[in-house]
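Here the sequence shown stands for residues 0 to 250, where the numbers follow numbering that gives the first Met the number 0. C-beta: ideal position from N, C-alpha, C; glycine also. None of the values given here were measured: they were computed from a predicted structure.
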Amino acid sequence: MKILLSNDDGYHAPGIRMLRQSLAELAEVTIVAPDRNRSGASNSLTLDVPLRVLEVEPGVYCVQGTPTDCVHLAITGLFDTDHDMVVSGVNDGANLGDDVLYSGTVAAAIEGRFLGLPTLAVSLCGAAAGARHFQTGAAVARRLVAEMLGRPLDASLILNVNVPDVPYEALRGYRVTRLGYRHRSEPVVPARDPRGRPVYWIGPAGPEQDAGPGTDFHAIAAGYVSITPLQIDLTRHGALEPLRRWLEGID
Ligand code: MN
């Protein structure tokens, strides 16, 4: 059993290091991850420059590229032998609701799915500062991976797992959830560079809007691990017929 680990926080991030330690009890683990923080990279591939790979220590490869580049490269040619599963994380920050569209953590898992492997993304929710229980996220991942090895799920599922930032013993359990969604993002934050020219920081994500029972937001707020099964099809199937009828009005 060989598990490929990636993330969007970079190969040196504490979340992926703890994940490696934790999953090494179950399988042979390889890290292929970006050389720096690429959070928010979504499903981007680097097409205009080649990908450079450095083995920084045995079994740990850093790539000058995105999370999607890392998983793509690792599965389609970097190694002689195949991996059996892709695990992404433990991300430093939640990937709830609309976050999944921007997330490099989720993107790494999606790329594993595109290439035919069972996959999960794990994120640790919580404030930007303060004590962070990456150990809890890594333990949850180990538990789920062990279960997936014994009782395989439909291989087309992508599991988006979010974990409250608490000690493992304080978790209240597991909840299967749907994605909620947020209010629109906060405005950009204007600033000046040292030469007085205007620059802008992308602002924080908006607060929760749809966070009722059954959503990922709700499970996390109540102290549960949230597991959302994702699919790739973004088609709004209910709009196909109305749109066809609307198009009939166009000459
Ligand atoms: Mn991240």
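Can you find the residues in the same chain that come closer than 7 Å, C-beta to C-beta, to Val139, ignoring five residues on each side of it along the sequence?
Within the sequence shown, numbered from 1, the residue matching residue 139 stands at position 140. Cβ neighbours of Val139 beyond the five flanking positions: Val121, Val160, Val162, Val224.
Which ranges does the alpha helix (DSSP H) cover as unbroken runs of at least 4 residues, wholly within the stretch 55–122, from first to last along the chain?
66–72, 98–101, 103–113
Report whether the distance from the Cβ of Asp97 to the nearest heavy atom of ligand 1 is below 8 Å.
As a working note, residue 97 is residue 98 in the sequence shown. Checking the Cβ of Asp97 against ligand 1 gives no.
Reduced DSSP secondary structure (H/G/I, E/B, other) of Pro241
As a working mapping, residue 241 is identified with position 242 in the sequence shown. In the structure shown, Pro241 sits in a helix (DSSP, three-state: H, G or I).
If you follow the alpha helix (DSSP H) that Asp215 is part of, which residue opens it and which one closes it?
For this step, residue 215 is matched to residue 216 along the sequence shown. Taken as a continuous stretch (DSSP letters only), the alpha helix (DSSP H) holding Asp215 covers 215–220.
Just to confirm, is the Cβ distance from Met84 to Thr118 under 9 Å?
The residue given as residue 84 occupies position 85 in the sequence shown. The residue given as residue 118 occupies position 119 in the sequence shown. For Met84 and Thr118, yes; Cβs fall inside 9 Å.
Could you tell me the alpha carbon to alpha carbon distance between Tyr180 and Ile157, rounded to whole angstroms?
Translated into the one-based positions of the sequence shown, residue 180 becomes position 181. Translated into the one-based positions of the sequence shown, residue 157 becomes position 158. Roughly 19 Å separates the two Cα atoms.
Is the number of C-beta pairs between the stretch 200–207 and the stretch 134–152 that are closer than 8 Å three or more?
no
What separation, rounded to the nearest whole angstrom, lies between the Cα atoms of Asn90 and Val31?
Translated into the one-based positions of the sequence shown, residue 90 becomes position 91. Translated into the one-based positions of the sequence shown, residue 31 becomes position 32. Looking at the two C-alpha atoms, the distance is approximately 15 Å.
Per-residue burial, Arg194 [other beta carbons within 10 Å of its own, 16 or more giving buried]
The count along the sequence shown starts at 1 and reaches residue 194 at position 195. Exposed is the call here.
What is the rounded straight-line gap between the Cα of Ala145 and the Cα of Leu25?
The residue given as residue 145 occupies position 146 in the sequence shown. The residue given as residue 25 occupies position 26 in the sequence shown. Distance between the alpha carbons of Ala145 and Leu25 is about 7 Å.
Are the stretch 32–41 and the stretch 101–116 touching by the rule of at least three beta carbon pairs closer than 8 Å?
yes
In chain order, each beta strand (DSSP E) run of at least 3 residues that lies wholly inside the stretch 178–211:
188–191, 197–200, 207–209
Between which two residues does the beta strand (DSSP E) harbouring Ile249 extend?
Your numbering for residue 249 matches position 250 in the sequence shown. It is not in any beta strand (DSSP E) - Ile249 carries neither H nor E in the DSSP assignment.
Quick test of your reading: Ala218 and Thr176, contact by CB under 8 Å. State the CB separation rounded to the nearest angstrom.
In the sequence shown, residue 218 corresponds to position 219, counting from 1. In the sequence shown, residue 176 corresponds to position 177, counting from 1. Right, the Cβ-Cβ distance comes to about 5 Å (below 8 Å), so this counts as a contact.
Would the beta-carbon of Gly103 be found less than 8 Å away from any heavy atom of ligand 1?
For the purposes of this step, residue 103 is taken as residue 104 along the sequence shown, with counting starting at 1. Within the cutoff, so yes.
If we call anything under 9 Å between Cβ atoms a contact, is Ala166 one with His132?
Against the sequence shown, residue 166 aligns to sequence position 167. Against the sequence shown, residue 132 aligns to sequence position 133. One detail in the question is off: residue 166 reads as Pro in this sequence, not Ala. Yes; because the gap between Cβ atoms is below 9 Å, this pair is in contact.
Whole-angstrom Cβ separation of Cys61 and Leu50, contact assumed at under 8 Å?
Start at 1 with the first residue of the sequence shown, and residue 61 comes out as number 62. Start at 1 with the first residue of the sequence shown, and residue 50 comes out as number 51. At roughly 11 Å, the Cβ-Cβ gap does not stay under 8 Å, so Cys61 and Leu50 are not in contact.
Here's the rule: buried if 16 or more other CB atoms are within 10 angstroms of the residue's CB, otherwise exposed. What is Leu123?
Position 124 of the sequence shown holds residue 123. Classification of Leu123: buried, given that the 10 Å Cβ count is 16 or more.
Residue range of the alpha helix (DSSP H) that Thr227 falls in?
To locate residue 227, count along the sequence shown from 1; it is residue 228. Per DSSP, Thr227 belongs to no alpha helix (DSSP H); it is in the beta strand (DSSP E), 224–229.
Does the Cβ of Asp164 have 16 or more other Cβ atoms within 10 Å, making it buried, or fewer, making it exposed?
Taking the first residue of the sequence shown as position 1, residue 164 is located at position 165. Buried is the call here.
If you draw a straight line from the C-alpha of Leu178 to the C-alpha of Leu229, how long is it?
Indexing the sequence shown from 1 puts residue 178 at position 179. Indexing the sequence shown from 1 puts residue 229 at position 230. Computed Cα separation, rounded: 9 Å.
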